[in-house]
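**Student:** Below is a structure I'd like to ask you about.
The structure is reproduced here in structure tokens:
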């Protein structure tokens, strides 16, 4: 299906709006669950770190919509921004998982024996989800950087070839017909020769 530029922009705008709405909704629900913020409490940190991968997972589909719309409209600036955002989110999740692991070990030591098993299951599930999401965002950011770099290289090469072609056409001197120098005495000599050949001698 071939879409015009106007149609692509309209479709991209709808996809952008839908994606941003879903992302805001996902993190709004996370803030509601962890509010008020209590960074000094161990239990709150573990709970918030465990809920963050769940909220981030809900943004995967909206991110796909944003990437699709950006590629559809060939918006290189937005793709470059999304590349760094994705890498930043991946690195943030990796650091968050490290803190989550340390806090989980401390909480587990203070829990009753009959609760430790359930706590470890929930913690491991959150850690696995966070690891997969971190790997996904780092991979997307790295791959997107390679794609943008390759497209830039192809465009630069194409522009250089076009420029070289223009220079060749513009710098080429037009072919000139070979001009033969005309001797001014030529016709006279030929005429004299013809007149001489026309004479007859009577013996």
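Residue numbers (this note's numbering): -14 to 188.
Cβ atoms here follow ideal geometry from the backbone N, Cα and C, with glycine treated the same way.
Note that the coordinates shown come from a computational prediction; the quantities given were computed from them, not determined experimentally.
Using beta-carbon positions only, say whether residue 81 and residue 12 come within less than 8 Å of one another.
**Tutor:** As a working mapping, residue 81 is identified with position 96 in the chain shown. As a working mapping, residue 12 is identified with position 27 in the chain shown. For residue 81 and residue 12, no; Cβs fall outside 8 Å.
**Student:** With burial defined as no fewer than 16 other Cβ atoms inside 10 Å of the residue's Cβ, what is the status of residue 48: buried or exposed?
**Tutor:** Locating residue 48 in the chain shown gives position 63, counting from the first residue. That one is buried.
**Student:** Shortest alpha-carbon distance to residue -10 belongs to which of 52, 56, 77?
**Tutor:** As a position in the chain shown, residue -10 is number 5, starting the count at 1. When only C-alpha atoms are compared, the closest one is 56.
**Student:** Could you spell out the range, first to last residue, of the alpha helix (DSSP H) harbouring residue 53?
**Tutor:** Translated into positions along the chain shown, residue 53 becomes position 68. Residues 45 to 57.
**Student:** When we look at the beta-carbon of residue 190 and count the other beta-carbons within 10 Å, is it buried (16 or more) or exposed?
**Tutor:** With the chain running from -14 to 188 in the structure shown, residue 190 is simply not present.
**Student:** For residue 187, name the three-state secondary structure that DSSP assigns.
**Tutor:** Locating residue 187 in the chain shown gives position 202, counting from the first residue. Confidence at residue 187 is low in this model, with a pLDDT of 46, below 50, so its placement is unreliable and no value can be given for it.
**Student:** Using 8 Å as the cut-off, can you tell me whether the segment 1 to 12 makes contact with the segment 73 to 89, which would need three or more C-beta pairs spanning the two stretches below that distance?
**Tutor:** no
**Student:** Do the CB positions of residue 0 and residue 53 come within less than 8 Å of each other?
**Tutor:** The count along the chain shown starts at 1 and reaches residue 0 at position 15. The count along the chain shown starts at 1 and reaches residue 53 at position 68. Pairing residue 0 with residue 53 gives a Cβ-Cβ distance under 8 Å.
**Student:** Going by CA-CA distance only, name the one from -8, 99, 6, 39 that's closest to residue 50.
**Tutor:** The sequence position of residue 50 within the chain shown is 65, counting from 1. Per the Cα distances, 6.
**Student:** Using the C-alpha atoms, what's the distance from residue 62 back to residue 136?
**Tutor:** Numbered from 1 along the chain shown, position 151 holds the residue referred to as residue 136. Numbered from 1 along the chain shown, position 77 holds the residue referred to as residue 62. Roughly 13 Å between the two C-alpha positions.
**Student:** Looking only at its chain, what residues have a beta carbon closer than 6 Å to the beta carbon of residue 111, apart from the 5 residues adjacent to it on each side?
**Tutor:** On the chain shown, position 126 is the one that residue 111 refers to. Result list for residue 111: 35, 38, in chain order.
**Student:** Looking at the secondary structure, which residues open and close the alpha helix (DSSP H) in which residue 85 lies?
**Tutor:** By one-based count along the chain shown, residue 85 stands at place 100. It spans 61 to 95 - the alpha helix (DSSP H) in which residue 85 sits, taken as one unbroken run.
**Student:** DSSP three-state call for residue -13: helix, strand or coil?
**Tutor:** For the purposes of this step, residue -13 is taken as the residue at position 2 of the chain shown. Three-state DSSP puts residue -13 in coil, outside helix and strand.
**Student:** Have a look at residue 17 and residue 23 and give me their C-alpha separation to the nearest angstrom.
**Tutor:** Against the chain shown, residue 17 aligns to sequence position 32. Against the chain shown, residue 23 aligns to sequence position 38. The alpha-carbon atoms of residue 17 and residue 23 are separated by roughly 13 Å.
**Student:** What did DSSP end up calling residue 31 once you bin it into helix, strand or coil?
**Tutor:** Within the chain shown, the letter at position 46 stands for residue 31. DSSP, read as helix, strand or coil, puts residue 31 in helix.
**Student:** With 16 as the cutoff for other CB atoms within 10 Å, does residue 109 come out buried or exposed?
**Tutor:** Here residue 109 corresponds to residue number 124 of the chain shown, with the count starting at 1. Residue 109 should be labelled exposed.
**Student:** Taking 7 Å as the cut-off, is the C-beta of residue 115 nearer than that to any heavy atom in the ligand FAD?
**Tutor:** With respect to the ligand FAD, the structure shown offers nothing to examine, as it has no ligands at all.
**Student:** Just the C-alpha distance for residue 129 and residue 26, rounded to the nearest angstrom, thanks.
**Tutor:** In the chain shown, the residue the question calls residue 129 occupies position 144. In the chain shown, the residue the question calls residue 26 occupies position 41. Rounded to whole angstroms, residue 129 to residue 26 spans 38 Å at the Cα level.
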